[in-house]
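The first sequence begins at 0 in numbering that gives the first Met the number 0 and counts up one residue at a time. Using N, Cα and C, we set each Cβ at its ideal position, and we do this for glycine too.
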Amino acid sequence: MRQSQLFTKTRREAPSDEVSKNAQLLIRAGFVHKEMAGVYDLLPLGLRTFNKVVGIIREEMNAIGGQELHLSALQDPAVWQKTDRWDDKKVDSWFKTELKTGGALGLGFTHEEPLTNLMREQVSSWRDLPTYPYQFQTKFRNETRAKSGLMRTREFVMKDLYSFSTNSTQHVEFYAKAADAYKKIFERAGLGGKTYMTFASGGSFSKYSHEFQTECEAGEDIIYIDDASKMAVNKEVYDDPEVYKTTGINKATLREAKAIEVGNIFTLGTRFSDALGLTYKNKEGTDTPVFMGSYGIGPARLMATVAELLSDAKGLVWPASVAPFDVHLVELSGGNEDVKKEAEEVYRELTAAGVEVLFDDRDARAGEKFADSDLMGIPLRVVVSQKTLAEGKFECVERHGGHTTHKTLSELITDLPRGKAGLSHV
RNA sequence: CGGGGCGUCGUAUACCGGUAGUACGCUUGCUUUGGGAGCAAGAUGACCCAGUCCGAUUCUGGGCGCCCCGACCA
């Protein structure tokens, strides 16, 4: 991609109404646009990073047997009435609308109901279980207060996987696998070192659930971290003695921290299968309710968490795994035709080698190009200038840490991670 | 939903009961070219509706919107 044709330009200052660091940086660098409170658009750069995050999650979900599908956002009230979640007094975050022909419709804030309902057509025997459908799908939540930039929005894409198992034993086995997959996702996205599997309240479904909480000052949650086991306890269950009996965590050694909930996994049990009549015939021929779980991650929140945590005074710092491009090729020709030609050649060669390159071919001064490059946070900057032309090697600067080397084109191509390494660097 | 704050070119800000200035960005030209250049010439703005007033961007009321704190977050 040529930066001269890039959809967005960077800006020096963030809008005054935007206080959170994640939104300030993402807006300044041209990754997102704010549509209204709690509603953000993904612009080309932001969409690239978003898609990288989605790609990581998809790989890990597929690896544990997930099957991707896509359900509608439009929700039939009848199904929700069966689980008693249609009433605004029971669920206050509904966006509701109506059909021209009459009749109410909801915009989904989650998908347990329609999916469980749909599974009745797919599941009839113990042989059909377990099964793990998931999707990346838009959720609508009528939050009374959107806040913290992209952290809490009214419309967002969620990866939601639902597990359908024969019984609690089979469920627990998968639940552990899902937890491992989640750990891998956050490691690959660069948040591994600061993300803790956290014991939390199970809400209305079960006694406990697990959240994946990334330690961060900008977080909304308070957790208590056990550094030895890399586990944590959410404040909401901190005073429950049973938590410590179950987990073996020593309450006395915990340290308090603010954190962002980047993922959660729930045991749902038979609450939805009971209400909606999702059963299977077991080996004895008896109708048995399906045992369920749900597993959520918001890719945009994950992206915002990375922006919040892995940035510095100059701007964003993306891990290679989620960066919008692998290389930021910066041409400092100052109008010199030889340098321009050389930069074009490098752009061609890198692209041909499968490297994703943002090529700053703009007629701008060095200072502006470097400042923009720092702001956007692409992991590796490759500079082509009269200096590098004379040397026969290109200047390569790592965005994280600023380590600088000089390499020939072939050395450069050989050494590039090409977005696949995904090493955690927190 | 309770409390507080705020709405001025694309962005950030200033001033004012007599129709608005600056910086960045944008357009044109010349110079400049390794860390957000210089000069010159331009274009672009008062959230909406009422009221008071000779006159409202400014004051009053209402609406809408945005931010922050709290509550909520299945």
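**Asked** Can you find at least 3 beta carbon pairs, one from the region 185 to 198 and one from the region 330 to 338, that sit closer than 8 Å?
**Response** No: the two stretches stay apart, fewer than three of their Cβ pairs being nearer than 8 Å.
**Message:** So, does the region 211 to 225 touch the region 251 to 263, judging by three or more C-beta pairs under 8 Å?
**Reply:** yes
**Asked** Run through DSSP, which three-state label would residue 269 get?
**Response** coil
**Prompt:** Who are the Cβ neighbours of residue 282 in its own chain at under 8 Å, not counting the five residues just before and after it?
**Reply:** 125
**Prompt:** With a CB to CB cut of under 7 Å and the five nearest residues on each side skipped, what residues in its chain are close to residue 103?
**Reply:** 76, 95, 97
**Request:** Would you mind working out which of 340, 127, 377, 132 sits nearest residue 66, comparing C-alpha positions?
**Result:** 132
**Message:** Check whether the region 17 to 26 and the region 142 to 153 touch, using three or more Cβ-Cβ pairs below 8 Å as the test.
**Reply:** yes
**Asked** Just how far apart, CA to CA, sit residue 74 and residue 202?
**Response** Whole-angstrom Cα-Cα distance: 22 Å.
**Closest residue to residue 44 among 83, 2, 54, 13 (Cα-Cα distance)** = Nearest C-alpha to residue 44: 2.
**Assumed close pair residue 328, residue 358 - CB separation to whole angstroms, cut-off 8 Å** = 5 Å
**Message:** Using 8 Å for Cβ pairs, my map puts residue 47 next to residue 318. What's the rounded Cβ distance?
**Reply:** Contact doesn't hold; Cβ gap of about 14 Å is too wide.
**Item:** Residue range of the beta strand (DSSP E) that includes residue 431
**Value:** The structure shown has nothing for residue 431, since the chain only spans 0 to 425.
**Request:** Any chance you could list the alpha helix (DSSP H) runs of at least 4 consecutive residues sitting entirely within the region 81 to 144, in chain order?
**Result:** The qualifying runs are 111 to 121.
**Message:** Taking its Cβ as the centre, do 16 or more other Cβ atoms sit within 10 Å of residue 345, making it buried, or is it exposed?
**Reply:** buried
**Prompt:** Per DSSP, what kind of secondary structure is residue 162 in: helix, strand or coil?
**Reply:** strand
**Request:** Report yes or no: do the region 153 to 163 and the region 295 to 309 share at least 3 C-beta pairs separated by less than 8 Å?
**Result:** By the Cβ test, the region 153 to 163 is in contact with the region 295 to 309, since at least three Cβ pairs between them sit closer than 8 Å.
**Own chain, CB closer than 6 Å to residue 7, minus 5 neighbours either side, in chain order** = 29, 42
**Message:** Can you tell me whether residue 378 is buried or exposed? The criterion is at least 16 other CB atoms within 10 Å of its CB, across all chains shown.
**Reply:** Classification of residue 378: buried, given that the 10 Å Cβ count is 16 or more.
**Distance between beta carbons of residue 397 and residue 405, contact taken as under 8 Å** = With 8 Å as the limit, residue 405 and residue 397 do not qualify as a contact, their Cβ atoms being about 13 Å apart.
**Message:** Can you tell me whether residue 412 is helix, strand or coil according to DSSP?
**Reply:** helix
**Prompt:** So residue 108 packs on residue 204, CB below 8 Å; how close in whole Å?
**Reply:** Wrong, their Cβ atoms sit about 15 Å apart, outside the cutoff.
**Of the listed residues 167, 116, 52, nearest to residue 183 (C-alpha basis)** = 52
**Per-residue DSSP class, three states only, for residue 320** = DSSP places residue 320 in the coil class of the three-state scheme, outside both helix and strand.
**residue 116 versus residue 154: straight-line alpha-carbon distance, rounded** = 24 Å
**Pick from 119, 111, 177, 165 that is closest to residue 128, judged by C-alpha positions** = Closest option to residue 128, judged by alpha-carbon separation, among 119, 111, 177, 165: 165.
**Close-in-space but distant-in-sequence residues of the same chain around residue 92 (CB under 7 Å, 5 per side omitted)** = 108, 140, 141, 142
**Request:** Along the alpha helix (DSSP H) that carries residue 53, what are the first and last residues, could you check?
**Result:** 43 to 62
**Request:** Spatial neighbours of residue 310 within its chain, please: CB distance less than 6 Å, with the 5 preceding and 5 following residues excluded, ordered by chain position.
**Result:** 24, 316
**Prompt:** Between which two residues does the beta strand (DSSP E) carrying residue 331 extend?
**Reply:** 326 to 331
**Message:** Mapping the DSSP letters down to three states, classify residue 21 as helix, strand or coil.
**Reply:** helix
**beta strand (DSSP E) runs wholly inside the region 252 to 299, at least 3 long, in chain order** = Counting only runs of 3 or more, we get 254 to 268, 278 to 280, 286 to 288, 290 to 296.
**Message:** Using the three-state DSSP reduction, which class does residue 151 fall into: helix, strand or coil?
**Reply:** The answer is strand: DSSP assigns residue 151 an E or B state.
**Item:** Residue from 349, 199, 361, 384 whose Cα sits closest to the Cα of residue 408
**Value:** 349
**Asked** Quick one, which of 60, 300, 200, 325 has its alpha-carbon nearest residue 39's?
**Response** Minimum Cα-Cα distance from residue 39 among the listed residues 60, 300, 200, 325 corresponds to 300.
**Prompt:** Whose C-beta lies closer than 6 Å to the C-beta of residue 111 among residues of the same chain, with five residues either side of it excluded?
**Reply:** 271
**Message:** Here's a check: name, in chain order, each residue in its chain whose Cβ is nearer than 6 Å to the Cβ of residue 209, leaving out the five neighbours to either side.
**Reply:** 196, 264
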